[in-house]
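Take a look at the structure below.
Okay, structure coming up:
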């Protein structure tokens with residue numbers, strides 16, 4: 095997944111915040127108006143939206159002479175993909191996951207535990223920091239939890 099520049103991110107934030115999932119999307123003018131305080135030319139916003147469409151970040155549909163734009167995926171899906179891409183940057187994926195898990199707050203750990211528990215039936219108290227004990231739930235050579243042995247990534 096391609097990283098977004100500052101202006102691309104601002105445009106995507108407008109789309110994610112303004113366009114509900116059932117919406118037909120927004121026009122370039124509506125995006126430009128929502129970016130108040132940036133003093134951007136209409137053509138600049140149009141170019142950014144065109145580039146985002148080329149990257150697969152937005153979907154567009156012709157409406158008369160104009161285009162209507164909407165996000166191709168949710169903000170959460172985009173962030174999750176960025177996190178997965180970061181894990182692929184090199185080194186040990188397992189070590190990066192353990193380091194990440196040990197750095198989250200107690201509340202964030204609860205969210206992760208609930209998500210993993212619903213997938214793999216994990217239970218037990220949540221701990222954070224170096225005593226998180228997360229490595230005993232992952233097979234280091236494969237990076238899989240025991241419940242994932244037959245599942246493909």
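Residue numbers (our numbering): 95 to 247.
Cβ coordinates follow ideal geometry from the N, Cα and C atoms, glycine included.
Keep in mind it's a predicted model, so treat the numbers as computed, not measured.
Minimum C-alpha distance to residue i - residue among the options
i           : options            : result
residue 127 : 145, 144, 105      : 105
residue 170 : 210, 101, 110, 125 : 110
residue 136 : 122, 130, 144, 183 : 122
residue 124 : 210, 202, 160, 145 : 160
residue 141 : 200, 194, 97, 101  : 101
residue 108 : 197, 129, 97       : 129
Segment limits, alpha helix (DSSP H) that includes residue i
i           : result
residue 193 : 187-197
residue 109 : 100-112
Per DSSP, the bridge partner or partners of residue i
i           : result
residue 160 : 157
residue 152 : 165
residue 48  : A query on residue 48 cannot be resolved here, the shown segment of the chain reaching from 95 to 247 and no further.
Residue i classed as buried or exposed, judged by whether at least 16 other C-beta atoms fall within 10 angstroms
i           : result
residue 177 : exposed
residue 119 : buried
residue 208 : exposed
residue 114 : exposed
residue 152 : buried
residue 146 : buried
residue 204 : exposed
residue 103 : exposed
residue 183 : exposed
residue 225 : Here residue 225 scores only 40 on pLDDT, less than 50, and its place in the model should not be relied on; the value that follows carries that caveat. Exposed is the call here.
Short Cβ contact (8 Å threshold) for residue i with residue j
i           : j           : result
residue 181 : residue 190 : yes
residue 117 : residue 164 : yes
residue 166 : residue 150 : yes
residue 198 : residue 206 : yes
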